[in-house]
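Below is one structure, written out as structure tokens, with a few remarks after it.
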Amino acid sequence: MNFQEDQEGTLLHLLQTEFSQAGDMLSSLAGKSLTIAPSQLDLREIRKLSMVLSAVFPSRTIKVVQHARGAVSGEVVLFLDHDSTLKMCSQLDDGKIHSNRLDASDQELVLEVGNMMIISSLSAIGRLVQTPLYLDSPYLSIDTLEAFLHPLTNRTPESEHALVVQAQLNLASESTAACLLLLLKSSFMDSVSTTMRAHERIDNGV
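Each residue of the sequence shown is one higher than the one before, counting from 376 in this note's numbering.
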């Protein structure tokens with residue numbers, strides 16, 4: 376299972392639209408300009424994710440997780456770099472000096488950002504295949520990347536691939552690396568790929 380370059384461009388465009396709207400909503404809530412921009416999209420074997428992500432998240436990592444139910448079932452995980460996210464929270468709190476850990480208000484903020492990004496990513500896919508989305512409440516944890524990825528290696532072949540969306544959160548002078556893992560059923564991701572191929576044929580007049 377793989378995406379062609381044109382298919383990747385189609386989905387990246389949908390993600391850009393959804394992330395832009397999410398950034399506008401978060402900016403309105405925070406009273407500061409915050410943008411979210413997807414930069415790269417790829418399908419990866421779960422057992423090889425560490426090689427891809429370790430360069431992006433070298434130290435402590437924040438993980439926001441939501442479970443999808445219904446036709447789009449599986450798990451969506453957002454990874455954020457801990458230290459740069461802490462700086463972003465400080466910027467949103469008018470430059471208040473924070474300790475080296477997220478307090479309760481910081482965690483609420485990160486959960487809201489994570490929730491918006493996860494909803495945006497699934498909305499982009501849902502719009503493509505015209506499928507309704509159902510998400511459970513998000514939860515947050517902090518650990519090393521290795522600790523987060525280790526349990527994923529025991530997944531069944533049905534979800535052996537992850538759709539990896541790398542993005543940047545930008546607020547004033549601060550930039551935070553983000554990475555979404557969409558751990559959805561392979562059968563569903565195949566239908567996404569098929570739908571994108573159909574869209575391409577229509578666009579090309581075939």
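Think of the CB as a built atom: it goes at the ideal place given N, C-alpha and C, for glycine as much as any other residue.
- State the Cα-Cα distance for the pair Q391 and V440, rounded to the nearest angstrom. 21 Å
- Query: For E464, which of A479, R502 and Q541 has the nearest alpha-carbon?
  - Reply: The question names Glu, but residue 464 is Cys in the sequence shown. It is A479.
- Where L554 and S434 are concerned, what is the direct C-alpha to C-alpha distance, given to the nearest angstrom? The sequence as given places Cys at residue 554; Leu does not occur at that position. A straight line joining the alpha-carbon of C554 with that of S434 spans about 14 Å.
- Query: Of all the alpha helix (DSSP H) runs that stay within the bounds of the region 398-473, which reach a length of 4 or more residues?
  - Reply: 424-428 and 457-467
- Looking only at its own chain, which residues have a Cβ that is under 8 Å from the Cβ of Q396, when we skip the five neighbours before and after it? S495
- Task: Reducing DSSP to helix, strand and coil, say where T551 ends up.
- Result: strand
- May I ask you to check if the CB of L461 is nearer than 6 Å to at least one heavy atom of the ligand NAP? For the ligand NAP, the structure offers nothing, since it holds no ligand at all.
- Query: For S516, does the three-state DSSP call read helix, strand or coil?
  - Reply: strand
- So, using beta-carbon positions, are V540 and L418 closer together than 7 Å? Judged by beta-carbon spacing, L418 lies beyond the 7 Å limit of V540, meaning their Cβ atoms are not closer than that value.
- Message: Using only the alpha-carbon positions, how far apart do F454 and K438 sit?
- Response: If you draw a straight line from the Cα of F454 to the Cα of K438, it comes to about 5 Å.
- Message: Using 8 Å as the cut-off, can you tell me whether the region 499-509 makes contact with the region 397-411, which would need three or more C-beta pairs spanning the two stretches below that distance?
- Response: no
- Message: Among the candidates A499, T460 and G445, whose CA atom is the shortest distance from the CA of Q482?
- Response: T460
- Item | CB-CB length for L558 against A537, believed under 8 Å | 5 Å
- Assigned exposure category for I526 - 16 Cβ within 10 Å defines buried: Sequence inspection shows Pro at residue 526; the Ile mentioned does not correspond to that position. Counting of Cβ neighbours within 10 angstroms places P526 among the exposed residues, the total staying below 16.
- Item | Whether L467 touches A552 by CB criterion (7 Å) | Taking C-beta atoms as the reference points, L467 and A552 fail to come closer than 7 Å.
- Query: What does a CB cutoff of less than 8 Å around I577 pick up in its chain, not counting 5 residues either side in sequence?
  - Reply: Since pLDDT at I577 reaches only 46, below the 50 mark, its modelled position is unreliable, and the value read off the structure follows with that caveat. Closer than 8 Å at Cβ, skipping near neighbours: no residue.
- Message: Quick check: what's the CA-CA separation for R476 versus S550?
- Response: 18 Å
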